[in-house]
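Undergrad: For reference, the structure I am asking about is given below.
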Amino acid sequence: MTEKIIRHVLAEFAYQAPKIERGYANQTLYVNVATGEIKAKPVSEEMKFKFTGGKGFDLWLLWNAVNDNTKWNSPENEIVISSGPCGGTTQYPGSGKSLVTTISPTTEVITDSNAGGHFGPLLKFSGWDAIEVQGIAERDVVVIVDAIAGKVTVEELPDAPTDTHLLGAWLYDVLAEKPHEKYYIAMVSAGTGADHSLLGCLNFSLYDRKRQDVRYKQAARGGPGTVLRHKRIKALVVRAKPFRGDANHPADPERIARVGADMQHEVATWDPVQNRMRNRGTPYLVGIMSDYDLLPVNNFKFGSHPKAHDINGAYWETRLTQGLPDGCWYGCTIACAHAVDGFELQTGPYKGQRVIVDGPEYETIGAVGSTCGIFDADAILELNFYCDTYGIDTISYGNTIGFLMECYEAGILDLEKTGGLELTFGNAAASLEILHQVAQGEGLGRLAGLGIRKAKAYLIEHFEADPQFVQDIGMENKGMEYSMYMGKESLAQQGGYALTNKGPQHDEAWLIFMDQVNNQLPTFEDKAEALHYFPMWRTWFGLCGFCKLPWNDVVDPKNSKSAEPAKIPHHVQNYVDIFAAVTGREIDINDIIAMSERVYNLQRVFNIRLGKGLREHDYPPYRGVGPVTEEEYESRQERYDKQLREWLGLDPDAMTLQEKMAAHRKYRTERYEHLMDAVYERRGWTRNGVPTVEKLKALGIGFPEVLAVVEKHLQVEG
Amino acid sequence: MITLNKRERLEWQEGLTVQALLERKTFTYPHIVISINGIVIDHDAYAETLIPDEADVRVIHLIAGG
Amino acid sequence: MKVLAYVAQKCTGARTCEVTCAQTWFKVQDVSKSSIRISANDGIFAAEFCIQCGKCIEVCPTEALYYNKQGIVLLKKDLCVGCMSCVGFCPYGVMYFAPEEALAFKCVACGQCVKACPSEALKIVELDEASTSVWDFRF
Ligand code: SF4
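Protein chains in written order, with the numbering used here: chain A, 16 to 733; chain B, 1098 to 1163; chain C, 35 to 173.
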């Protein structure tokens, strides 16, 4: 860079990075962008024992930072990011995730999201187990953790662009004094879409040494990017020193190397004949989901589409750049973080630019693609790129557009209300146009940028939409848009989506095959057990800094002979080994579940503290449970009629379509109530979904301020 | 008739192979374990293995995570 | 390009090569630090070591592995983050790992073991002269 870059340092804090011991830096970083206060907070042994790290640290810091009335846009709301003790391990695939937690603008409770990229591990290697950012800055700022200079600054960089792909290129150039220094820089940013919508995501960068360019992975759910931009933060940046593979200073490096070598070899041997993650990434699922009637099509009306095979795994293998080590952190040979290189944009402010499209992920293809009736790969890539650089969650955006398309086709919206856009399923140009409007805060983009829950309220208030109809078809729960699996034929997955803390993201439980296809969870108790075990197991990844994919996206076939193949016992053992070898704390699977339960229950109580988190918030929209419209029923009539015979002993031939639909609705919604009872009981909660005092005490989180939250509710329930 | 995963009843016809069943059900997920009357069938043998009438067929998809 | 080659018929199983290699590169006698490994099966010896095929260069995310001008695969230690991708993906299982320094290591055809072998079972030859039959492809 030749021109002089203007950098106004508003606040500065000098520090010396401590040595990392057994996966912990033993301090967290507090930054207030309003007051300029920056300080280190010590991490106690109790905090490590009880909350482990990652989302556990995030939640505990946030719990202590806010009050009962804090809203997403209150100055005291924070963005907290932490990787976890095993985060930054390079020898085991999938050990570099960062967890971000904040109060969400769409759900108004706690949201958490994980992302790859290098930020979390490099933050730790620079001396911080977590960063919490509080306050609302007066003007746009960048927070820079500079381990090389030994300081943390809040700076104004007036020339910094906002959209991520421009900002990343610019900031890396500004901050790297020599080209190699880029390897050790990571940033978190959003974009102009997050400025004008509630669906803001965070982009977590990494420097791709082979491409010699900056790449991005997204922590997207629940609008954390909106919170970042509302705080007027353009980016959080870490500039780390070069590091070695022992940067965590693990207790037992030999044990890690042994397990790591085994797993690396397992990936090398089996991935090519299983999911081909190394070639296809998560899009391998598109065709398969369609085959099983699980791919959301046209706002989750249907589960399959013949054109799904135009954008299936085999297709993406021809489209994604092959042969590069696309791990989102070093050592991840599952390497699902693929990209399409040299993609020429056809629309919007960056039309004509050739860019790297990070992805698409399966979820993105489902959301901006199939659930909007769009099966055009180029359109999906364009939507993917712009969502990322604008800082918008692809899942929430696509799902919201799918909802609005159905509203258009149902007559709730018309050409006048859409500003002339013919918003029918399959209209990719319209979706792109709205996306650009979101980034500018204009037109229909303002409605779409609210997300489904708030858009529903708007449609009811201004456009006389039938409240029951929009409630039925809007695929949101708790204010969060569903991720991309059709749950109509899997009761367990209906719970896996709606009986969650943050909302319907499948990262708590994905039980569709076990339940619907394999019939391994026949009773309510079986489903409840699965809805206890899997959410706890999967929560644990986010406490430690692990990715969930290497757990079950490649598996040595010997697993099928194990006692509980769905749990993949030999991989569970790998995680036990890695955790113990990093931290020196010997654990077993029961400890893992207990570690997660503590954090999971704290999150539930946190939601209750913020005025939600009860049974009434755990209901899915009926579109996620059964057929809402006649069109849906008729499209799967054979199945639904058969179910009436087998489940209810009814004769569908003697019934009208309305009667059949009503019978389904009654049966399916009652069944869901049963499931709720069974799951709450298994989790140690009351029928209203409140963790009991005994449960919280047994978990070791019976702190007075935690108990005070539930006691109010327990008295009411009596 | 055969029973699939302890629940679904399916028509049986002479010469029904494992492969044909997978195709009929569009079971395309690559990572599955199949047993017929409790005996696990080798992956390479799907095309030749015949399913007898009244068989208890299990097609277990080994995936608990999307 | 020159690589290490091994003549099984001449090998007497003295394992001098393993010790020499560990001593040369790690200054220890511990043969788990050797880049050549001799195994015996029914009195028939076999050796495993790198044939400089370059597969590891492809999977390395840090640009730490590279071919030098002589066609030998070398590791830049300051770029290596110890991720073991190369260890898991080496088709012959001859990329090794030193946990205590979190670095990969391999045969760089330095020839020290050739000099040390008492039975002249090892030599440095042009690649096309080397028989690859001694290597066991792992996938
Ligand atoms: S499997 Fe994919 S998402 Fe997970 S760590 Fe590896 S590259 Fe990242």
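From the three backbone atoms N, C-alpha and C, an ideal C-beta is built for every residue, glycine too. This one's a predicted model, so the numbers in the text were calculated from it and none came from an experiment.
Name the residues in the region 507-539 of chain A whose C-beta lies less than 8 Å from a C-beta of chain B; which are they?
TA: Listed in sequence order: His521, Trp525, Leu526, Ile527, Phe528, Met529, Val532, Asn533, Asn534, Gln535 and Pro537.
Undergrad: Short of 7 Å Cβ to Cβ, which residues in the region 51-71 of chain C face chain A?
TA: Those would be none; no residue qualifies.
Undergrad: Look up Gly183 of chain A in the DSSP assignment and say whether it is helix, strand or coil.
TA: Gly183 of chain A: helix per DSSP, three-state reduction.
Undergrad: Do you know how far the Cα of Gly238 of chain A is from the Cα of Pro120 of chain A?
TA: Taking the straight line joining both Cα atoms gives about 6 Å.
Undergrad: Look up Gln233 of chain A in the DSSP assignment and give the residues it is bridged to.
TA: Paired residue(s): A:Asn218.
Undergrad: Looking at C-alpha atoms only, which residue of A:Asp592, A:Phe134 and A:Glu171 is the closest neighbour of Leu217 of chain A?
TA: Nearest option by C-alpha distance: A:Phe134.
Undergrad: Is it buried or exposed for Tyr695 of chain A, if we count other Cβ within 10 angstroms and need 16 for buried?
TA: The residue in question, Tyr695 of chain A, is buried, as its Cβ has 16 or more Cβ neighbours within 10 Å.
Undergrad: Considering only residues of the same chain and omitting the five flanking positions on each side of Trp331 of chain A, which have a CB-CB separation below 6 Å?
TA: Cβ neighbours of Trp331 of chain A beyond the five flanking positions: Arg295 and Pro298.
Undergrad: Got a sec: is the Cβ-Cβ distance from Ile303 of chain A to anything in chain B below 8 Å?
TA: So, interface residue.
Undergrad: Given 8 Å as the limit, is there contact between the region 139-156 of chain C and the region 36-55 of chain C, that is, 3 or more CB pairs closer than that?
TA: Taking 8 Å as the limit for Cβ pairs, the verdict is that the region 36-55 of chain C does touch the region 139-156 of chain C.
Undergrad: From the DSSP output, which residues share a beta bridge with Val138 of chain C?
TA: For clarity, residue 138 of chain C is Ala in the given sequence; the question names Val instead. C:Phe131, per the DSSP bridge assignment.
Undergrad: Under 7 Å: does the beta carbon of Gly109 of chain A sit that close to some heavy atom of the ligand SF4?
TA: Yes; taking the cut-off as 7 Å, the Cβ of Gly109 of chain A has a heavy atom of the ligand SF4 nearer than that.
Undergrad: Should Leu25 of chain A be flagged as near chain B, meaning a C-beta pair shorter than 8 Å?
TA: By this cut-off, Leu25 of chain A is not an interface position.
Undergrad: Going by the CB atoms, is the gap between Gly99 of chain A and Ala32 of chain A shorter than 8 Å?
TA: Result no, Cβ atoms of Ala32 of chain A and Gly99 of chain A do not sit closer than 8 Å.
Undergrad: Within the 8 Å Cβ cut-off, does Val569 of chain A reach chain C?
TA: No, Val569 of chain A lies away from the interface with chain C (no Cβ there is under 8 Å from its Cβ).
Undergrad: Do we get a CB-CB distance below 8 Å when we pair Val168 of chain C with the residues of chain A?
TA: Any answer about Val168 of chain C is weak, because its pLDDT of 47 lies below 50 and its placement is not dependable; what the coordinates show is given next. Not an interface residue.
Undergrad: I'd like the span of the beta strand (DSSP E) that includes Met202 of chain A, first residue to last.
TA: Counting along the chain, the beta strand (DSSP E) containing Met202 of chain A begins and ends at Ile200 to Ser204.
Undergrad: Quick check: does the Cβ of Ala350 of chain A come within less than 7 Å of any heavy atom belonging to the ligand SF4?
TA: Yes, Cβ of Ala350 of chain A sits closer than 7 Å to a heavy atom of the ligand SF4.
Undergrad: Secondary structure at Ser611 of chain A, three-state DSSP: helix, strand or coil?
TA: Reduced to three states, the DSSP call for Ser611 of chain A is helix.
Undergrad: Mind reading off the beta-carbon distance from Pro636 of chain A to Asn492 of chain A? Whole number of angstroms is fine, and I expect it under 8 Å.
TA: The Cβ separation is near 7 Å, so the contact holds.
Undergrad: Please report the straight-line C-alpha distance between Tyr198 of chain A and Arg224 of chain A, rounded to a whole angstrom.
TA: Each residue's alpha carbon lies about 7 Å from the other.
Undergrad: Hey, would you say the C-beta of Leu564 of chain A is under 7 Å away from at least one heavy atom of the ligand SF4?
TA: Under cutoff, so the answer is yes.
Undergrad: Just to confirm, are Gly458 of chain A and Gly426 of chain A a CB contact at a threshold of 8 Å?
TA: Cβ atoms of Gly458 of chain A and Gly426 of chain A: not closer than 8 Å.
Undergrad: According to DSSP, is Met62 of chain A helix, strand or coil?
TA: In this structure, Met62 of chain A counts as helix in the three-state DSSP scheme.
Undergrad: Buried or exposed: which applies to Lys573 of chain A, given that a residue is buried once 16 or more other Cβ atoms fall within 10 Å of its Cβ?
TA: Label assigned to Lys573 of chain A: exposed.
Undergrad: Is the beta carbon of Val1115 of chain B closer than 8 Å to that of Ile1138 of chain B?
TA: The answer is yes: Cβ separation under 8 Å.
Undergrad: When the cut-off is 8 Å and only beta carbons count, does His280 of chain A lie next to chain C?
TA: Cβ-Cβ to chain C under 8 Å: yes for His280 of chain A.
Undergrad: What I want to know is whether the C-beta of Trp344 of chain A ends up closer than 7 Å to one or more non-hydrogen atoms of the ligand SF4.
TA: Result yes, Cβ under 7 Å from the ligand SF4.
Undergrad: In its own chain, which residues sit with a C-beta less than 8 Å from the C-beta of Val168 of chain C, not counting the 5 before and 5 after it?
TA: Low local confidence applies: a pLDDT of 47 at Val168 of chain C is under 50, so the model's placement there is unreliable, and no value is given.
Undergrad: What is the rounded straight-line gap between the Cα of Ala354 of chain A and the Cα of Ser204 of chain A?
TA: When rounded, the distance between both Cα atoms is 19 Å.
Undergrad: For the region 575-586 of chain A, which residues have a beta carbon sitting closer than 9 Å to at least one beta carbon of chain B?
TA: Residues Ser575, Lys576, Pro580, Ala581, Lys582 and Ile583.
Undergrad: Does any heavy atom of the ligand COA sit closer than 7 Å to the C-beta of Cys347 of chain A?
TA: Although the ligand COA was asked about, the structure shown includes only the ligand SF4 as ligands.
Undergrad: Count Cβ pairs between the region 253-271 of chain A and the region 524-531 of chain A that sit closer than 8 Å; are there 3 or more?
TA: Taking 8 Å as the limit for Cβ pairs, the verdict is that the region 524-531 of chain A does not touch the region 253-271 of chain A.
Undergrad: What does Trp700 of chain A pair with, by DSSP beta-bridge criteria?
TA: DSSP lists A:Pro706 as partners of Trp700 of chain A.
Undergrad: Given a limit of 9 Å on CB to CB distance, which residues of the region 220-245 of chain A reach chain C?
TA: Correct list: Asp223, Arg224 and Lys225.
Undergrad: Along chain A, in chain order, which residues have C-beta atoms closer than 7 Å to that of Glu134 of chain C?
TA: The answer, in chain order, is Pro268.
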